[in-house]
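Engineer: Counting with mature numbering (1 follows the signal peptide of the UniProt record, and there is no 0), you get residues -25 to -1, 1 to 156 for the letters of the sequence shown.
Ideal Cβ placement from N, Cα and C applies to all residues, glycine included.
Quick one: structure below, then a few questions.
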Amino acid sequence: MAPDRRCTEMLFFVIIIASSSAAAAGDIVEDTCGECSRSNPNVNYTLCVSSLSGYPGSRGANLHGLALISAMPLRSGLATIASEARVLRDRAPPGSPARSCLESCMEVFRDAAYNLGNAVTAIESWRYGDAKTAMSATTDAPVTCEDEFKGQGMATPPAIMAKTKPLFQQGVISLAIISLL
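Structure follows, in structure tokens:
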């Protein structure tokens, strides 16, 4: 066999191996979201894929990296909903049940942000049990806020309600990924 042909065949073999490895790495998001949605009926596969794929490096990440990436939408979601609760609280009359509920929600979301930070730190330290506990507390925040209003016989304000469901779903995705570790 001529040296040029051997080099060409070797190069072809290397390209095939590299492209199949890249394809396998590119499927980590879909594979992980598929596994999460099969193991947890609350995980929305489409939302999982779209939320993880939106972050640079997600397609080349390992499961540990995806767990960290999955926490990113929660951080911004918690900040957004806490800000909305603050605006609504400031509009509510002092001493009113609505204001009290909104203040409770703000506290719940502050605690959730703290728990999210603990979850991320635990993931970074490979302490997945601790990460799961902290992420569970983070994920419960939207439900706890809604329960504040229900406890007062009030409907959750639409501006809050519109953000609690997506936030809860992102938390469920992150929790499901952590559970795979």
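Nearest by alpha-carbon distance to A46: which of Y20, T96, E121, S58 is it?
Structural biologist: Measuring from the Cα of A46, the nearest candidate turns out to be T96.
Engineer: Are the Cβ atoms of I153 and A106 separated by less than 8 Å?
Structural biologist: Contact: yes.
Engineer: Considering only residues of the same chain and omitting the five flanking positions on each side of A54, which have a CB-CB separation below 8 Å?
Structural biologist: Only A88 meet the Cβ criterion.
Engineer: Going by DSSP in three states, A97 sits in which element: helix, strand or coil?
Structural biologist: Helix, per DSSP.
Engineer: Would you mind working out which of A134, L41, S14 sits nearest S26, comparing C-alpha positions?
Structural biologist: The residue with the shortest Cα to Cα distance from S26 is L41.
Engineer: Going by other Cβ atoms of all chains shown within 10 Å of its Cβ, with 16 needed for buried, is N15 buried or exposed?
Structural biologist: With fewer than 16 other Cβ atoms within 10 Å, it is exposed.
Engineer: So, does the region 119 to 130 touch the region 66 to 77, judging by three or more C-beta pairs under 8 Å?
Structural biologist: The answer is yes - the region 66 to 77 touches the region 119 to 130, with three or more Cβ pairs under 8 Å.
Engineer: Verify whether the separation of the beta carbon atoms of T108 and L150 is less than 8 Å.
Structural biologist: Contact flag unset, no.
Engineer: Quick one: grab the DSSP three-state call for P117.
Structural biologist: Residue state, collapsed to three classes: helix.
Engineer: Taking the alpha-carbon of S58 as reference, which of F84, R34, H39 has the nearest alpha-carbon?
Structural biologist: When each option's Cα is compared against that of S58, the closest is F84.
Engineer: Taking 8 Å as the threshold (C-beta atoms), are M129 and P72 in contact?
Structural biologist: Yes, Cβ-Cβ distance for P72 and M129 is below 8 Å.
Engineer: Would you mind giving the Cβ-Cβ distance between residue 157 and Q144, rounded to the nearest angstrom? I have them listed as a contact below 8 Å.
Structural biologist: Only positions -25 to 156 of the chain appear in the structure, and residue 157 is not among them; the question remains open.
Engineer: Quick one: using the 10 Å Cβ neighbour count with 16 as the cut-off for buried, is A137 buried or exposed?
Structural biologist: So A137 ends up on the exposed side.
Engineer: Apart from the five residues on each side of it in sequence, which residues of its chain come closer than 7 Å, Cβ to Cβ, to A67?
Structural biologist: Excluding residues within five positions, the ones whose Cβ falls inside 7 Å are A73, R74, L77.
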